[in-house]
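A.B. asks:
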Amino acid sequence: MREKEIETDYRFMPEPNLPAVHIDPELIVTATRAINRRPTYVRYIEEYDFDPDSALRIAKDERLSKFIDEILHENSFDAHFLLDWLKELKRICQNCNVDYPPISEKFSVNFATILYLNRVERITRLTAIDLIRNYVNGTWKDTPLQTIEHENLWQIKEIDQIKVIVDTVFDEHQELVAKAQAQPGKSKLLNKLHNAIIDASAKRIDVQKATDAVIERLRQNSRK
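Just so we're aligned: the sequence shown equals residues 1 to 224 in full-length UniProt numbering.
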């Protein structure tokens with residue numbers, strides 16, 4: 001056994017039978033980029049303000065991550081807004097027996113367009129849900145803008161237009177109106193009037209605005 005090691009004991013001795021290794025410069029560049037690239041979940045957190053749990057969950061799902069990247073390429077949505085709609089999309093896909101999320105560049109573009117139009121209040125949430133369901137099922141082939149224009153699905157925001165619809169609903173449901181006035185605050189009766197307004201507007205009046213319109217109209221009637 002050696003009592004004292006010398007410096008040469010640890011010298012690197014090349015294997016004479018192995019050829020010299022030549023590293024392609026492009027490989028070095030690619031490796032450097034990979035090292036410097038942020039993990040996907042970090043990008044979601046830093047660029048789009050996703051919460052860590054959601055960012056990690058999405059990053060682990062290659063299919064979902066690709067879909068979200070396609071959406072964010074079309075439009076930069078608030079993380080909470082997008083996550084809420086992804087839950088809605090998942091529910092729709094389950095009900096339609098379609099894999100979530102649908103893998104189609106055309107669908108991701110259409111989905112992003114629908115979300116944008118809802119965010120800027122050009123279409124209601126209920127209209128957006130119907131549109132997404134039809135695109136998931138492949139019912140409509142036109143773009144969302146073409147479909148909305150053709151079907152006249154734009155959100156009704158003008159007070160005068162809402163008032164006309166509310167007046168019509170109250171005239172057609174006088175018995176229900178009388179019960180609602182006799183039992184103020186009863187949510188079941190208010191919901192029935194609210195739903196009647198939503199139906200009469202073909203879902204083009206925002207849910208909250210429909211509720212507010214019912215309450216205001218009942219208040220006006222009680223003053224007469």
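All C-beta atoms, glycine included, are put in the ideal place defined by N, C-alpha and C.
Going by beta carbon distance, what residues of the same chain come within less than 7 Å of E74, once the five residues before and after it are set aside?
C.D. replies: Correct list, in chain order: V109, A112.
A.B. asks: Assuming contact is defined by CB atoms lying nearer than 9 Å, are I58 and I68 in contact in what I supplied?
C.D. replies: Closer than 9 Å, so yes.
A.B. asks: Report the residue from H150, E121, Y48, D99 whose alpha carbon sits nearest the alpha carbon of F77.
C.D. replies: For the residues H150, E121, Y48, D99, the minimum Cα distance to F77 belongs to Y48.
A.B. asks: Taking the C-alpha atoms as reference points, what is the distance between Q146 and I114?
C.D. replies: Going by the C-alpha atoms only, they are around 12 Å apart.
A.B. asks: Just list the alpha helix (DSSP H) runs in the UniProt domain "Asn/Gln amidotransferase" (86-218), keeping only unbroken ones of 4 residues or longer that don't cross its boundaries, in chain order.
C.D. replies: Whole alpha helix (DSSP H) segments, 4+ residues: 105-119, 125-137, 144-151, 159-172, 174-182, 187-200.
A.B. asks: Let me check understanding here. Comparing Cα to Cα, which of D212, S104, D199 lies closest to L64?
C.D. replies: Of the listed residues, the one whose Cα sits closest to L64 is S104.
A.B. asks: Does DSSP classify H22 as helix, strand or coil?
C.D. replies: Reduced to three states, the DSSP call for H22 is coil.
A.B. asks: Excluding the 5 residues preceding and the 5 following Y56 in the sequence, name in chain order all residues of the same chain whose CB lies nearer than 6 Å to its CB.
C.D. replies: Note on residue identity: the sequence assigns Leu, not Tyr, to residue 56. Once the five neighbours on either side are set aside, the close Cβ partners of L56 are Y41.
A.B. asks: Please report the Cβ distance between F81 and R119, rounded to the nearest whole angstrom; I am assuming they are in contact, meaning their Cβ atoms lie under 8 Å.
C.D. replies: Indeed, because the Cβ distance is near 6 Å, the residues count as touching under 8 Å.
A.B. asks: Using CA atoms only, rank isn't needed, just tell me which of I162, K60, D167, R219 is closest to V207.
C.D. replies: For V207, the nearest C-alpha among the options comes from I162.
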